[in-house]
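K.L.:
If you read the sequence shown in UniProt numbering, its first letter stands for residue 1, the second for the next number, and so on.
Backbone N, C-alpha and C fix where the C-beta goes; we use that ideal spot for every residue, glycine too.
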Amino acid sequence: MCEACGNSNHKKHETLPRREFLKEGGASVLAAGAMMGTSAAAKAAPSEGKMVIGKEPFETRAYAAKSATSGFSPITITRRALRPDDVLLDILYVGICHSDIHAVHSDWSAAHYPIVPGHEIVGRILAVGSKVTKFKVGDIGGVGCMVDSCGTCENCLDDREQNCLNGTTFTYDSPDKISGGYTFGGYSDRMVVNERFVIHIPSQVHLAAYAPLLCAGVTTFSPMRHWKLQKDQKIAIVGLGGLGHMALKLAHSMRADVTVFTTTEGKIADAKRLGASAAFLWTDKKAFERLTNHFDLMISTVPVSYPMQPFMNMLKLDATLVNVGALGELTGGLSGMSNGFGRKSLAGSMIGGIAETQEVIDYCAARHIEADIELIKPDEIDRAYERVMSKDVRYRFVIDFASGKSA
Numbered sequence: 001m002c003e004a005c006g007n008s009n010h011k012k013h014e015t016l017p018r019r020e021f022l023k024e025g026g027a028s029v030l031a032a033g034a035m036m037g038t039s040a041a042a043k044a045a046p047s048e049g050k051m052v053i054g055k056e057p058f059e060t061r062a063y064a065a066k067s068a069t070s071g072f073s074p075i076t077i078t079r080r081a082l083r084p085d086d087v088l089l090d091i092l093y094v095g096i097c098h099s100d101i102h103a104v105h106s107d108w109s110a111a112h113y114p115i116v117p118g119h120e121i122v123g124r125i126l127a128v129g130s131k132v133t134k135f136k137v138g139d140i141g142g143v144g145c146m147v148d149s150c151g152t153c154e155n156c157l158d159d160r161e162q163n164c165l166n167g168t169t170f171t172y173d174s175p176d177k178i179s180g181g182y183t184f185g186g187y188s189d190r191m192v193v194n195e196r197f198v199i200h201i202p203s204q205v206h207l208a209a210y211a212p213l214l215c216a217g218v219t220t221f222s223p224m225r226h227w228k229l230q231k232d233q234k235i236a237i238v239g240l241g242g243l244g245h246m247a248l249k250l251a252h253s254m255r256a257d258v259t260v261f262t263t264t265e266g267k268i269a270d271a272k273r274l275g276a277s278a279a280f281l282w283t284d285k286k287a288f289e290r291l292t293n294h295f296d297l298m299i300s301t302v303p304v305s306y307p308m309q310p311f312m313n314m315l316k317l318d319a320t321l322v323n324v325g326a327l328g329e330l331t332g333g334l335s336g337m338s339n340g341f342g343r344k345s346l347a348g349s350m351i352g353g354i355a356e357t358q359e360v361i362d363y364c365a366a367r368h369i370e371a372d373i374e375l376i377k378p379d380e381i382d383r384a385y386e387r388v389m390s391k392d393v394r395y396r397f398v399i400d401f402a403s404g405k406s407a
């Protein structure tokens, strides 16, 4: 069994030497090497050798894009000193989300280069601050799309930190209210995060395949919970990619009747293998006509704008199409007449709060649900981006930092 990722089908990762950490201002900041047993990932050391973590910021390796067209290259970034309520993560795996590609290419807004993406992060806790109660050294933690929020506004108090009224701090390329500048994400060896924004990951699961659940999983799980998807209800998933395949797996696990709409003929069989009762190409006009007023809920995972009215027409009276994929300007005319007579709704949803993210992790662990992934090395990020844009991935690339580190 691979001790780093917990998957019996993987080979054991390279065992690396211990790290040493000093105490933080008289409070205990524990060393992973001193506390852990035989886990290879727990003993993993940074490539630059012995490093003191505590009172001072520290440097670590990351992979960054220096412009929209530069591609990725390794750089050294600075992480903040460990604060009393922080944990230090040794990053093992990080998923490549289509949002990473949009951000790097400045599709939504101008990126702040160099940009280090990555918000589907799984790692091992190497050290904890003196006031941390949620984690101990050696635990597996996950970080999704957020690393901070005010914690006091009505949305934060309602476990909706992603909607913080005073401004959520997102995991990368977001104004860093603690250290200044902009946040750096998970395409990196290590990171420091407030314990409130770290998710417990069961150590026995396939860790690499759980990284995508921290974005793709909660992004599709949240609308199913909010719109109260029930057993035997008819749900359509528009798009079968990183988000879409998770939406399909989750809806199927809830015993809903799932239909998939895809633009890729080769994914029809995949959709049925993953639990869909039916799957159709977007060009199948007869299917669209036959399924008019058919669905109780639709979730659109397509990362770009497209004409949505043909899909709206397939909603039942009072039903909703939830867009979780296209986060830029939506184009393509909607029919006020058709949607008004059917009282059909187009809604948006984005990720979920910390409690809901923990919920989806626990839900999937209890039901043995995980993402379908392709593991890559850090120097393959550019090629992976090209393949994502060409729809050539089944269904999520995950960068392996666990086996890429050396003593």
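In the DSSP assignment, what are the bridge partners of residue 397?
P.N.:
Partner(s): 374.
K.L.:
Between residue 445 and residue 344, how many whole angstroms is the CB-CB distance? I'm expecting something under 8 Å.
P.N.:
Residue coverage of the chain in this structure runs from 1 to 407, which leaves residue 445 outside it and unanswerable.
K.L.:
State the CB to CB distance for the pair residue 279 and residue 259, rounded to an integer number of angstroms; the pair is presumed to be in contact (CB under 8 Å).
P.N.:
7 Å
K.L.:
Which of helix, strand or coil does DSSP assign to residue 200?
P.N.:
Reduced to three states, the DSSP call for residue 200 is strand.
K.L.:
Less than 8 Å between the CB atoms is what I'm expecting for residue 185 and residue 123, so what's the real figure, rounded?
P.N.:
That pair is no contact at about 12 Å.
K.L.:
Short check: CB of residue 224 to CB of residue 209, under 9 Å?
P.N.:
no
K.L.:
Report the three-state DSSP secondary structure of residue 187 (helix, strand or coil).
P.N.:
coil
K.L.:
Which residue or residues does DSSP assign as beta-bridge partners of residue 337?
P.N.:
Paired residue(s): none; residue 337 is not in a bridge.
K.L.:
Can you give, in chain order, each stretch of the alpha helix (DSSP H) that sits fully within the segment 230-258 and has at least 4 residues?
P.N.:
242-253
K.L.:
Just the Cα atoms here: how many angstroms apart are residue 336 and residue 322?
P.N.:
17 Å
K.L.:
When the Cβ atoms of the segment 67-80 are set against those of the segment 298-308, are three or more pairs found closer than 8 Å?
P.N.:
no
K.L.:
Would you kindly report the start and end of the unbroken alpha helix (DSSP H) that includes residue 357?
P.N.:
354-367
K.L.:
Counting only runs that start and end within the segment 80-117, where is the beta strand (DSSP E) found for 3 or more residues in a row?
P.N.:
86-95
K.L.:
Return the residue from the list 317, 59 and 303 that minimises the CA-CA distance to residue 341.
P.N.:
Of the candidates 317, 59 and 303, the one whose C-alpha sits nearest the C-alpha of residue 341 is 317.
K.L.:
Which residues mark the beginning and the end of the alpha helix (DSSP H) in which residue 157 is found?
P.N.:
Secondary structure note for residue 157: its alpha helix (DSSP H) is the uninterrupted segment 154-157.
K.L.:
Indicate, with yes or no, if the ligand MG has a heavy atom lying under 8 Å from the CB of residue 182.
P.N.:
Among the components of this structure there are no ligands whatsoever, and the ligand MG is therefore not found.
K.L.:
May I have the straight-line CA-CA distance separating residue 384 from residue 400, to the nearest angstrom?
P.N.:
13 Å
K.L.:
Whose C-beta lies closer than 7 Å to the C-beta of residue 357 among residues of the same chain, with five residues either side of it excluded?
P.N.:
Same-chain partners within the cutoff: 144, 199, 214 and 218.
K.L.:
If we ignore side chains and look at the alpha-carbon of each, how far apart do residue 110 and residue 131 end up?
P.N.:
37 Å
K.L.:
Going by alpha carbons, who is nearest to residue 381 out of 95, 175, 56 and 86?
P.N.:
That would be 95, whose Cα lies nearest to the Cα of residue 381.
K.L.:
DSSP state of residue 304, grouped into three classes?
P.N.:
coil
K.L.:
Assign residue 383 to one of three DSSP states: helix, strand, or coil.
P.N.:
helix
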